[in-house]
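Okay, structure first, notes after.
4 protein chains.
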Amino acid sequence: MHYSVNAPRRDERVKDGDEKVNTKEVIFEQALRIFSEKGFERATIEEIADQAGIAKGTFYYHFKSKSELFEFLLQQGTHILMDNTMTALQKGGTVVERLEAVINELLSFFQDYQEFCRMIFSEILGPAAAPTRWEEIFKPDRQKYLLPVIELIREGQEQGIIRNISPQTALQAILGTISTIAMTQIFHGEHFDKMKVSSQIREILFHGILVA
Amino acid sequence: MHYSVNAPRRDERVKDGDEKVNTKEVIFEQALRIFSEKGFERATIEEIADQAGIAKGTFYYHFKSKSELFEFLLQQGTHILMDNTMTALQKGGTVVERLEAVINELLSFFQDYQEFCRMIFSEILGPAAAPTRWEEIFKPDRQKYLLPVIELIREGQEQGIIRNISPQTALQAILGTISTIAMTQIFHGEHFDKMKVSSQIREILFHGILVA
Amino acid sequence: MHYSVNAPRRDERVKDGDEKVNTKEVIFEQALRIFSEKGFERATIEEIADQAGIAKGTFYYHFKSKSELFEFLLQQGTHILMDNTMTALQKGGTVVERLEAVINELLSFFQDYQEFCRMIFSEILGPAAAPTRWEEIFKPDRQKYLLPVIELIREGQEQGIIRNISPQTALQAILGTISTIAMTQIFHGEHFDKMKVSSQIREILFHGILVA
Amino acid sequence: MHYSVNAPRRDERVKDGDEKVNTKEVIFEQALRIFSEKGFERATIEEIADQAGIAKGTFYYHFKSKSELFEFLLQQGTHILMDNTMTALQKGGTVVERLEAVINELLSFFQDYQEFCRMIFSEILGPAAAPTRWEEIFKPDRQKYLLPVIELIREGQEQGIIRNISPQTALQAILGTISTIAMTQIFHGEHFDKMKVSSQIREILFHGILVA
DNA sequence: GATGAATGAGCTTTCATTCAT
DNA sequence: GATGAATGAAAGCTCATTCAT
Numbered sequence: 001m002h003y004s005v006n007a008p009r010r011d012e013r014v015k016d017g018d019e020k021v022n023t024k025e026v027i028f029e030q031a032l033r034i035f036s037e038k039g040f041e042r043a044t045i046e047e048i049a050d051q052a053g054i055a056k057g058t059f060y061y062h063f064k065s066k067s068e069l070f071e072f073l074l075q076q077g078t079h080i081l082m083d084n085t086m087t088a089l090q091k092g093g094t095v096v097e098r099l100e101a102v103i104n105e106l107l108s109f110f111q112d113y114q115e116f117c118r119m120i121f122s123e124i125l126g127p128a129a130a131p132t133r134w135e136e137i138f139k140p141d142r143q144k145y146l147l148p149v150i151e152l153i154r155e156g157q158e159q160g161i162i163r164n165i166s167p168q169t170a171l172q173a174i175l176g177t178i179s180t181i182a183m184t185q186i187f188h189g190e191h192f193d194k195m196k197v198s199s200q201i202r203e204i205l206f207h208g209i210l211v212a
Numbered sequence: 001m002h003y004s005v006n007a008p009r010r011d012e013r014v015k016d017g018d019e020k021v022n023t024k025e026v027i028f029e030q031a032l033r034i035f036s037e038k039g040f041e042r043a044t045i046e047e048i049a050d051q052a053g054i055a056k057g058t059f060y061y062h063f064k065s066k067s068e069l070f071e072f073l074l075q076q077g078t079h080i081l082m083d084n085t086m087t088a089l090q091k092g093g094t095v096v097e098r099l100e101a102v103i104n105e106l107l108s109f110f111q112d113y114q115e116f117c118r119m120i121f122s123e124i125l126g127p128a129a130a131p132t133r134w135e136e137i138f139k140p141d142r143q144k145y146l147l148p149v150i151e152l153i154r155e156g157q158e159q160g161i162i163r164n165i166s167p168q169t170a171l172q173a174i175l176g177t178i179s180t181i182a183m184t185q186i187f188h189g190e191h192f193d194k195m196k197v198s199s200q201i202r203e204i205l206f207h208g209i210l211v212a
Numbered sequence: 001m002h003y004s005v006n007a008p009r010r011d012e013r014v015k016d017g018d019e020k021v022n023t024k025e026v027i028f029e030q031a032l033r034i035f036s037e038k039g040f041e042r043a044t045i046e047e048i049a050d051q052a053g054i055a056k057g058t059f060y061y062h063f064k065s066k067s068e069l070f071e072f073l074l075q076q077g078t079h080i081l082m083d084n085t086m087t088a089l090q091k092g093g094t095v096v097e098r099l100e101a102v103i104n105e106l107l108s109f110f111q112d113y114q115e116f117c118r119m120i121f122s123e124i125l126g127p128a129a130a131p132t133r134w135e136e137i138f139k140p141d142r143q144k145y146l147l148p149v150i151e152l153i154r155e156g157q158e159q160g161i162i163r164n165i166s167p168q169t170a171l172q173a174i175l176g177t178i179s180t181i182a183m184t185q186i187f188h189g190e191h192f193d194k195m196k197v198s199s200q201i202r203e204i205l206f207h208g209i210l211v212a
Numbered sequence: 001m002h003y004s005v006n007a008p009r010r011d012e013r014v015k016d017g018d019e020k021v022n023t024k025e026v027i028f029e030q031a032l033r034i035f036s037e038k039g040f041e042r043a044t045i046e047e048i049a050d051q052a053g054i055a056k057g058t059f060y061y062h063f064k065s066k067s068e069l070f071e072f073l074l075q076q077g078t079h080i081l082m083d084n085t086m087t088a089l090q091k092g093g094t095v096v097e098r099l100e101a102v103i104n105e106l107l108s109f110f111q112d113y114q115e116f117c118r119m120i121f122s123e124i125l126g127p128a129a130a131p132t133r134w135e136e137i138f139k140p141d142r143q144k145y146l147l148p149v150i151e152l153i154r155e156g157q158e159q160g161i162i163r164n165i166s167p168q169t170a171l172q173a174i175l176g177t178i179s180t181i182a183m184t185q186i187f188h189g190e191h192f193d194k195m196k197v198s199s200q201i202r203e204i205l206f207h208g209i210l211v212a
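Taken in order, these protein sequences are the chains called A, B, C and D. In terms of this note's numbering, the first sequence opens at residue 1 and continues consecutively. In terms of this note's numbering, the second sequence opens at residue 1 and continues consecutively. In terms of this note's numbering, the third sequence opens at residue 1 and continues consecutively. In terms of this note's numbering, the fourth sequence opens at residue 1 and continues consecutively.
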């Protein structure tokens, strides 16, 4: 996984042959991995630094604090999901097509950013009362992501395409089904491949478990 | 032991006559509450002991360690869900009726043991690599719970009632949908009332989001 | 030096023969000594704990933080000086007699609490911008101590006994002369003996350096 | 080098033409200011460098260490006081006139180098056992300053002009009175103006507090 | 001359756990 | 059964200093 932030532009890198490592990026990668494996609390700066091949002090040269890094990582990830989904929605199409796009983007996200999803599920669905600021940090973004989808469901209901249930409930069914399927595989150490499950997921979500 | 939610703090209790407080139970209640609020790591023995109205040393007189208590709480809860579900399944009925029973028991569990569900979601869906033993502790129980349901789905597929998809996937859709809907409400501080959502959930799971 | 706070009352001590050490008191003594030698910043909890013969954790069992202990020590000391001075003033007498009492109490304080005076001079006359709360902590006490003396000087001026200068300036002359003489000796490792200097100090303060 | 007080921060300077900023001097100014505000320990190289508008590395290009800079600053200041006092003494006059000169120079010094005085009081009267070398650094200079004044007092005593007390004690009374009055004002954020207090100080020191 | 990334020793503080009473 | 003082390993973080460029 590699959503590196502030990656140096190509021409800033020196010495093509020589492996000029960007310290900040290495920290990002290792932190993401370790946060996703251990959660925020059990991850230690010492381990992140060790794995990144730097001294503890170097970590603090690049980041103000453990929380700051974590929050940063969190926001980066959610922004990617949001952006992708918005872009997909703007392509237009029927309600069902757009719903499929939302589902598809979510599946792609789980596939492409498995480490990040682990991390987010570890800490955000996790200890609710966590450093409460995370709640605050997330709420706006979460809404920005959810509202358009709810709107889409409403649109479908007006057209008589979507069942007349609470849009929020429908939304949660979509998110819950996809994330549970994806995270179960990811937590079990399997690599999540959306191709294997996407048609099944669409089937279940659209038409339910029962035949007819 | 019973998972009482919102158990009164020690000092709120009235000791009329010789109504003895069972120390162990008081610890259970407070630990459950605090674990569910803060997660395993952020909960401290000190706080649990304080809230239970006992000395820190007393905690260690009753429990070997923080983890032991946590694991105990964990198992108690899962056993309740398992037992209830098994009992419900043994009542027999058509596949759909039994599936409805499974869903119903799950909803009841989320409703009756909200604190416990918070706790479990805080730490088990949480930091995956947690004290790795939890994984080991859970796997057997989880399987004992999941297998009969998978078997039920298979039975339905053989009868042509349930769509021809991976039973595991179907199972995860059920679990994911229900838990997400329930936990969203619980984490948002609302009291989860299964009556309000159970028919909608059944509708979505059985027939999907789309009309026809 | 031994202004122990919360010292156990006699009957709380167990085992007369056996040396039952009061941990909190030992920490007080060592902290006072080390703060006075090194100042707040250069003193470390590790050293205080070591010298007190306890583990680092034990320090934090008894005190919330390094600052808290320091502030506590600070207040204890100033209260002693204040109380002694007030008591002396309440005995009444002529203005000169009362002024002599104030001077005498100050000298006694420097003599009896040399460690504390070192500490206070190390940090309070010291880094002005220190954890600013100290300023706040001290101002009220300082005023409570200074005001009665200023009032005394004013009384003397009304009676035509004390020279017509700013009372604040006169007060500072008294404090500065005494503290400089005392601290010079204390910092130079000599034991400060007020008997040796008190008559000289009174002479200088009352009649000046010059003859006639 | 000159101890300019309230030197403008780097970024406030206007570089018109090729008016070169002497890096070393800028560091001096900012270090003096910050040391005087925070004391040696609480001042950081980072802040000094920031305020001087240079990189941290640049600091170490100009100075061997934090202590070295501090000691240098210390010596510069004391030399100024010493030189001024020596010069004033060499002008001759009666004992009283020369004593007035000493007092006057001291007052001028407090007025002209308030930042430096803050600094010196922050750290030298401060944590006594400080990097013990400071003691060693200072003793010679201190003696070079004090001895002539003590000699002057002795001369006055031989002439029957100065009261027959320990010259050291008299000296400390002078230093203590002046420095306490000056520092009280400086620490309280007022600008110290020697004109306002010099006649009062002379009165107190020469003739005491009491009338007649 | 100047830079800033990197370092590591050292600091304060937390907390699960032990144990004598 | 119950207590609470004591412990020490480990964590997050700071900062003077170095050094390749």
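Yeah, the Cβ is synthetic: ideal placement off N, Cα and C, and Gly gets one too. Since this is a predicted model, take the numbers as computed values, not measurements.
>> Using only the alpha-carbon positions, how far apart do residue 119 of chain A and residue 24 of chain C sit?
In response: 44 angstroms
> When the Cα of residue 29 of chain D is compared with those of D:44, D:51, D:172, D:46, which residue comes out closest?
Replying inline: D:51
> Which residues, in chain order, does the segment 152-180 of chain C contribute to contact with chain D at a C-beta distance below 7 angstroms?
Replying inline: 160, 161, 162, 163, 165, 166, 169, 170, 172, 173, 175, 176, 177, 179, 180
> In the structure shown, what three-state DSSP assignment does residue 80 of chain B receive?
Replying inline: helix
> Going along the chain, which residues of the segment 80-91 of chain C sit with their C-beta nearer than 9 angstroms to a C-beta in chain D?
Replying inline: none
>> Distance cutoff 8 angstroms, beta carbons only. Does residue 204 of chain D sit that close to anything in chain C?
In response: yes
>> Quick check: is the beta carbon of residue 102 of chain B nearer than 8 angstroms to any beta carbon in chain A?
In response: no
> Sorted by chain position, which residues of the same chain lie with C-beta nearer than 8 angstroms to residue 171 of chain A's C-beta, five sequence neighbours on each side aside?
Replying inline: 146, 149, 150, 153
> Hey, does residue 190 of chain C have any beta-carbon neighbour from chain D nearer than 8 angstroms?
Replying inline: no
>> By alpha-carbon positions, which one of D:188, D:140, D:174 ends up nearest to residue 198 of chain D?
In response: D:174
>> Here's the rule: buried if 16 or more other CB atoms are within 10 angstroms of the residue's CB, otherwise exposed. What is residue 194 of chain A?
In response: buried
>> Quick check for students: name the residue ranges of the alpha helix (DSSP H) that lie wholly in the segment 20-68 of chain A, counting only runs of 4 or more.
In response: 23-42, 45-52, 56-62
> Interface residues of chain D around residue 184 of chain C at Cβ under 7 angstroms?
Replying inline: 172
>> Please report the distance separating the alpha-carbon of residue 213 of chain B from that of residue 75 of chain B.
In response: Outside the shown range of chain B, which is 1 to 212, sits residue 213 of chain B, and nothing can be said about it.
>> Excluding the 5 residues flanking residue 203 of chain A on each side, which residues of the same chain have their C-beta closer than 6 angstroms to its C-beta?
In response: none
> What are the start and end residues of the alpha helix (DSSP H) that includes residue 98 of chain D?
Replying inline: 95-112
> What does residue 30 of chain B touch in chain A if you count any residue whose Cβ is under 7 angstroms from its own?
Replying inline: None at all; the shortest Cβ gap to chain A is about 15 angstroms.
>> Taking 8 angstroms as the threshold (C-beta atoms), are residue 95 of chain A and residue 161 of chain A in contact?
In response: yes
>> Count Cβ pairs between the segment 25-45 of chain B and the segment 53-72 of chain B that sit closer than 8 angstroms; are there 3 or more?
In response: yes
>> Using C-beta distances below 7 angstroms, list every residue in its chain close to residue 31 of chain C, excluding the 5 sequence neighbours before and after it, in chain order.
In response: 48, 69, 73
> Got a sec? Which residues, its chain only, sit under 6 angstroms from residue 106 of chain B by beta carbon, not counting five neighbours each side?
Replying inline: 178
> How would you write the range of the alpha helix (DSSP H) that residue 203 of chain C sits in, first residue to last?
Replying inline: 194-207
>> Measuring only the C-alpha atoms, how far is residue 38 of chain D from residue 180 of chain D?
In response: 19 angstroms
> Where do the N-terminal and C-terminal ends of the alpha helix (DSSP H) with residue 170 of chain B fall, by residue?
Replying inline: 167-187
> Taking buried to mean at least 16 other C-beta atoms within 10 Å of its own C-beta, is residue 167 of chain C buried or exposed?
Replying inline: buried
>> Quick check: what's the CA-CA separation for residue 141 of chain C versus residue 141 of chain D?
In response: 37 angstroms
> Closest Cβ-Cβ distance between residue 77 of chain C and chain D: below 8 angstroms?
Replying inline: no
> How long is the line joining the alpha carbons of residue 159 of chain A and residue 78 of chain B, rounded to whole angstroms?
Replying inline: 43 angstroms
>> Within 10 Å of its beta-carbon, does residue 182 of chain D have 16 or more other beta-carbons around it, so buried, or fewer, so exposed?
In response: buried
> According to DSSP, which residues form a beta bridge with residue 162 of chain D?
Replying inline: C:210
> Checking contacts by CB at 8 angstroms: is residue 42 of chain C closer than that to chain D?
Replying inline: yes
> Does DSSP put residue 156 of chain C in a helix, a strand or coil?
Replying inline: helix
> If you measure from the beta carbon of residue 210 of chain C to each beta carbon in chain D, is any gap under 8 angstroms?
Replying inline: yes
>> Quick test of your reading: residue 209 of chain B and residue 206 of chain A, contact by CB under 8 angstroms. State the CB separation rounded to the nearest angstrom.
In response: 6 angstroms
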